[in-house]
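*Asks:* Numbering (the working numbering), first residue to last: -6 to 304.
Where is the CB? At the ideal position from N, CA and C, for every residue including glycine.
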Amino acid sequence: MKWNDRIGRRIKLHDLHVLMTVAELGSMGKAAERLNVTQPSISKSVADLEHQLGVRLFDRTPRGVETTAYGRALLTRSMGAFDELRQGIKDIETLSDPAIGEVRVGCPEAIAAGFLAAVIDQFSKGYPRAIVTVNPADHVSAEFGQLRDRRVDILIGRIPGTELDDDIGAEPLYQDRLYIVAGRNSSWARKRKLMLSDLLQEPWMLTPSMQGTLLDEFRANGVTAPKVTVRAYSTHQSTHLIATNRFISALSGSLLRFTLNREALKVLPVNFPTRGWSVGIMHLKSRNLAPTAQVFMDHIRKVAANLVGHL
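Right, here's the structure in full:
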């Protein structure tokens, strides 16, 4: 298909904008209200697109409209096109001063509270006017939609063990692992050697993300999983409760390295041959990141380099 035959002259950005608005609202009438135009003009834009492409983009229902498989395919690419246009305008604005841009990052809370906090600290010293937005992404492999929808520029987290989708790229940063921890002044911290079985009856406190990983490790070591007495909501809550010296928990090495409460915590001498996991940057292969995001990624790599071999 030649550009001039169907795309360059016949498909208009305005019509694609109408398409995206109708799909979002599920109604041509509501789309007309939002865009401050008449409903017939909305219908004409959709009809023109369907005529040019030779397929139906919406199914009409009594409740409004629903996108067809053809409509969803066009929407995905349209979102990318509009995002690239918006990004192009931002790039032009920041070429003279890339320090005023924005970077959006998605990651689990344990990384946000530790590793990413250290990255932001270093980045903000050199780029105090840049904006960093952090989105929750506790299970990175289930959050690739944030990349595809352009809600984040990059994801940081555990690289999935399964093969990634073709449109997702991954850059390994460091190997992380779990450590069994307690408060520095707890009775367990005074032990010189412990077995996992010694701790089964003790009060355990875990976040949901750590619980799954820890239970897998217990099973791999042939040990019955402990009873969790506190399921903490957040990483900061976890480190605070561990510091009370009443709970045992499991934390990642990178969080222990960067948490502000690290002086109040003690890694227990547990015979715990834990398996590690790879932490990395995940990104959309087809997307060109803005200069600010590229600089931020350089800071990520620098902080990660200091972790290699030390976790």
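Please report the distance separating the alpha-carbon of ALA297 from that of LEU166.
*Replies:* 6 Å
*Asks:* Grouping DSSP H, G and I as helix and E and B as strand, with all else coil, what is SER271?
*Replies:* Of the three classes helix, strand and coil, the one that applies to SER271 here is strand, per DSSP.
*Asks:* Quick check on LYS37: does DSSP put it in helix, strand or coil?
*Replies:* helix
*Asks:* Please state if the CB of MET198 and the CB of MET240 are separated by a distance shorter than 9 Å.
*Replies:* The sequence shown places Phe at residue 240, rather than the Met named in the question. Yes, these two residues count as a Cβ contact at 9 Å.
*Asks:* In angstroms with no decimal places, state the Cα-to-Cα distance between ASN306 and ASP169.
*Replies:* Any property of residue 306 remains undetermined from this structure, which presents the chain solely from -6 to 304.
*Asks:* Since GLU164 sits in a beta bridge, which residues does DSSP pair it with?
*Replies:* ILE274
*Asks:* Who are the Cβ neighbours of GLY22 in its own chain at under 7 Å, not counting the five residues just before and after it?
*Replies:* GLN32
*Asks:* I'd like the list of long-range same chain contacts for THR61, defined as Cβ closer than 7 Å, with 5 residues on each side in sequence excluded.
*Replies:* By the criterion of a C-beta distance shorter than 7 Å, THR61 is surrounded in its chain by ARG49, LEU50, PHE51 and ASP52, once the five residues flanking it on both sides are discounted.
*Asks:* Could you check what DSSP says for VAL216 in three-state terms: helix, strand or coil?
*Replies:* Of the three classes helix, strand and coil, the one that applies to VAL216 here is coil, per DSSP.
*Asks:* Throw me the rounded Cβ distance for the ILE274 and ILE85 pair, which I believe falls under 8 Å.
*Replies:* At roughly 25 Å, the Cβ-Cβ gap does not stay under 8 Å, so ILE274 and ILE85 are not in contact.
*Asks:* Check VAL58 in the structure and name its three-state DSSP category.
*Replies:* Strand at VAL58.
*Asks:* Quick one: using the 10 Å Cβ neighbour count with 16 as the cut-off for buried, is GLN139 buried or exposed?
*Replies:* buried
*Asks:* Does the separation of the CB atoms of SER38 and LEU67 fall below 9 Å?
*Replies:* For SER38 and LEU67, no; Cβs fall outside 9 Å.
*Asks:* On the DSSP letters alone, give me the boundaries of the alpha helix (DSSP H) that VAL145 sits inside.
*Replies:* Here VAL145 belongs to no alpha helix (DSSP H), and DSSP marks it neither H nor E.
*Asks:* Round the Cβ separation of ALA243 and MET203 to the nearest angstrom and send it over; I've been treating them as touching at under 8 Å.
*Replies:* 5 Å
*Asks:* At the level of alpha carbons, what is the spacing between ALA106 and LEU171?
*Replies:* 16 Å
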